[in-house]
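The next block holds one structure in the form of structure tokens; read it before the comments.
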Amino acid sequence: MNKNQQFFADLQEKFTKLLYEEYDLESNKLEELQKANKKIVLEKIANIMLNYNISDEIMNLNNKDRLEIRAELFEIISNCFIKEIEAEKNKTSELLNNCAKDKFYSNCYLYSFGVVNYNLKPVSYKVLKDIINVRIEGKNYSERIWNNKNDLAKKVKVEVNDFLNGKTTVNEINNRISKRYNQNWNNTDRLVSNEISRVQESANEVWRKEHNIKYVMYSATLDRHTCSDCGKYDGKTYEVNKKPVDLPKHIRCRCTYISIVSKDWKPTLRLDNMTKERINYQTYKEWLEKQNINDK
């Protein structure tokens, strides 16, 4: 393998990492909105505890007050989740569009370094739209965001209702609401990170087809988070139409197929994600045997 080819392999790996880092930065904005909304709900609950009677650690409310407070809290919760739905749909759409374009054009950029002389083609709006709006089990990312938020809003309202009816104590409600919002963020992070992985791989597939790439190499991550089911494919070369599995293989899967110039092509270096150092090339299996790590 010549220097250009090694340079190409290194940059493919780095570009993929940069796309995930961009998601991490942008997703912080979504997390901040969720934290702000949780604070609004908890502060309202705290004000209720200050202004109404408490007996034996439970709210002591008459029916009129209970119904009025519940209606007010439910409206606050609904409005907060509506804002989150709008923000997350917009931000996810932006991230996925950027991800697809960046992945497509970063591939073009890398191959323009003289590794292979291809007739590079731009990506069309229709192709981007088709990549991003894929339905999984009948739903696209936008519909899944709405479903997740709607389910969480209902669960938060159940917690509030139990609190107002004395089923949850004043000492428990904060933790119960906080746990629901932790689940809220986990849903968002899982959905968006998985969509980023899916869109990257779909953009790769389109690019390979349009530029007549014939071979790919499966690449896992060298660290203790890679599962054995992914690790067993690492470093193996396949014809484009004979890949053993589609990626992402599972939630939070970080594996990718690297486009390669020939079936015999192998890089000489790769990143050890635990030490953050570049090491002599070895498969995940070979690397694992040198570590004190129990295979998953």
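Here our numbering is used: the first residue of the sequence shown is 2, the next is one more, and so on. For glycine and all other residues, C-beta sits at the position ideal for the given N, C-alpha and C. Because the structure is a prediction, the values reported are computed rather than measured.
Asked: For residue 38 and residue 208, the rounded distance between their alpha carbons; Found: 41 Å
Asked: Own chain, CB closer than 6 Å to residue 218, minus 5 neighbours either side, in chain order; Found: 238, 259 and 261
Asked: Burial state of residue 240 (16 or more Cβ within 10 Å); Found: exposed
Asked: For residue 87 and residue 53, the rounded distance between their alpha carbons; Found: 34 Å
Asked: Rounded C-alpha distance that separates residue 99 from residue 123; Found: 14 Å
Asked: Residue 255 - DSSP class collapsed to helix/strand/coil; Found: coil
Asked: Distance, residue 148 Cα to residue 300 Cα; Found: In the structure as shown, the chain starts at 2 and stops at 297, and residue 300 therefore has no counterpart that could be examined.
Asked: Proximity winner among 278, 257 and 282, relative to residue 269 (alpha-carbon distances); Found: 282
Asked: Rounded distance between the beta-carbons of residue 257 and residue 201, thought under 8 Å; Found: 7 Å
Asked: Secondary structure of residue 179, DSSP reduced to three states; Found: helix
Asked: Within 9 Å, strictly: CB atoms of residue 80 and residue 204; Found: no
Asked: Bounding residues of the alpha helix (DSSP H) (the contiguous stretch that carries residue 142); Found: 142-165
Asked: The stretch 123-141 contacting the stretch 154-167, beta-carbon criterion three pairs below 8 Å; Found: no
Asked: Span separating the alpha-carbon of residue 61 from that of residue 172; Found: 14 Å
Asked: For residue 131, the nearest candidate out of 216, 236, 25 and 199 (CA to CA); Found: 199
Asked: Presumed contact (8 Å Cβ cut-off) between residue 249 and residue 234, rounded CB distance; Found: About 13 Å; that fails the 8 Å criterion.
Asked: Straight-line gap, residue 32 to residue 92 (C-alpha atoms, nearest Å); Found: 12 Å
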